[in-house]
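Take a look at the structure set out below.
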Amino acid sequence: MVVMYGIKNCDTIKKARRWLENAGVEYRFHDYRADGLTPALLQGFIDELGYEALLNTRGTTWRKLDEATRNGITNASAAAALMLTMPAIIKRPLLCAPGKPMLLGFNENNYQQYFNEV
């Protein structure tokens, strides 16, 4: 089954969920805050996508960090520690479908292409 990872009150998540529902795609939503984020799950995301892609450096959560903290994120383990304590800093949504690469972010054309291949 397709799993969408994110935070339920995110506007981009809402758009992506609406797209999936309108397209008739069955999925399960995993909210990092409500359902948790384990180090192993996060490491799987990092292994496939890289920490740089996962770290949302354009969002409010990143901008609210002090400069020393931002400058300290120089490798995967530092990024993982930050993402585990502040899951809102992870770019979203993240889609996982069996037998397919992970899809990060929301774009209608990318979703259309991704699910035409499922």
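Residue 83 in full-length UniProt numbering sits at position 83 of the sequence shown, with consecutive numbering throughout. Here a beta-carbon is modelled for each residue, glycine too, at the ideal position from N, C-alpha and C. All values reported here derive from a predicted model rather than from experimental measurement.
For the 7 Å CB-CB criterion, T61 and I89 form a contact.
Non-local C-beta neighbours of G72 in its own chain, meaning closer than 8 Å and more than five positions away in sequence, comprise A78, ordered along the chain. Separation of K64 and F115 (C-alpha to C-alpha, rounded to the nearest whole angstrom) is 35 Å. Under the DSSP assignment, F106 falls outside any alpha helix (DSSP H); it carries neither an H nor an E label. The closest CA to that of V25, considering only L37, Q43, M4 and R58, is found on M4. Taking every protein chain shown into account, the CB of G50 has fewer than 16 other CB atoms within 10 angstroms, so this residue is exposed.
DSSP places L20 within a helical segment (H, G or I) once states are collapsed to three. Inter-segment contact for the segment 35–54 and the segment 6–13 is absent: fewer than three beta-carbon pairs are separated by less than 8 Å.
The criterion of a C-beta distance shorter than 7 Å is not satisfied by M1 and L42.
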